[in-house]
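In the numbering used here, the protein residues as written are -6 to 150.
The structure appears right after this line, and notes come after that.
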């Protein structure tokens, strides 16, 4: 019998999501995946140092358009890292994840229609970068009977 198992334990502490241009920060050390502007195909990894994607210190996202993957994340001694997004009043939501996801995709929902622009911020811990089926980079390959586990949580910050 073949099966793919997924485990989750959702807990809803009543969080309110704010517009995505408010602010974000993580313990990110330093690389983002540069992509082509038309199809968002991966080109190369570049350092966030001195770049508009340097959110290692919390700051407003502002007009920065983000639909990129980040890696070289800094994990704590317990093997976890996190991203916290807050509004100017300090209310926020966070996500923490483990080393099984060394990549993070962030999308700020930039849309040309003002009513749909920046209604949310997508934050997706990933085991591999976009297009990993073609590049093979960090691709998790499961053989017969093997498994892979990743953990993450969402919290009010």
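Positions of the beta carbon are idealized from the N, C-alpha and C atoms, including for glycine.
All values derive from a computational prediction rather than experimental measurement.
Roughly how many angstroms separate the alpha carbons of residue i and residue j, rounded to a whole number?
i: residue 140; j: residue 55; result: 40 Å
i: residue 25; j: residue 35; result: 10 Å
i: residue 39; j: residue 128; result: 17 Å
i: residue 142; j: residue 73; result: 14 Å
i: residue 145; j: residue 85; result: 17 Å
i: residue 76; j: residue 150; result: 10 Å
i: residue 123; j: residue 95; result: 12 Å
Sort the options by Cα distance to residue i and report the nearest one.
i: residue 37; options: 62, 47, 53; result: 62
i: residue 116; options: 99, 77, 45, 24; result: 99
i: residue 133; options: 33, 102, 108, 92; result: 92
i: residue 82; options: 104, 70, 53, 95; result: 53
i: residue 59; options: 33, 70, 71; result: 33
i: residue 119; options: 105, 66, 79; result: 66
Got a sec: is the Cβ-Cβ distance from residue i to anything in chain B below 9 Å?
i: residue 98; result: The chain labelled as chain B is not found in the depicted structure, where only one protein chain is given.
Could you tell me if residue i is buried or exposed, where buried requires 16 or more neighbouring beta carbons within 10 angstroms of its beta carbon?
i: residue 50; result: exposed
i: residue 126; result: exposed
i: residue 108; result: exposed
In the DSSP assignment, what residue or residues form a beta bridge with residue i?
i: residue 87; result: 77, 148
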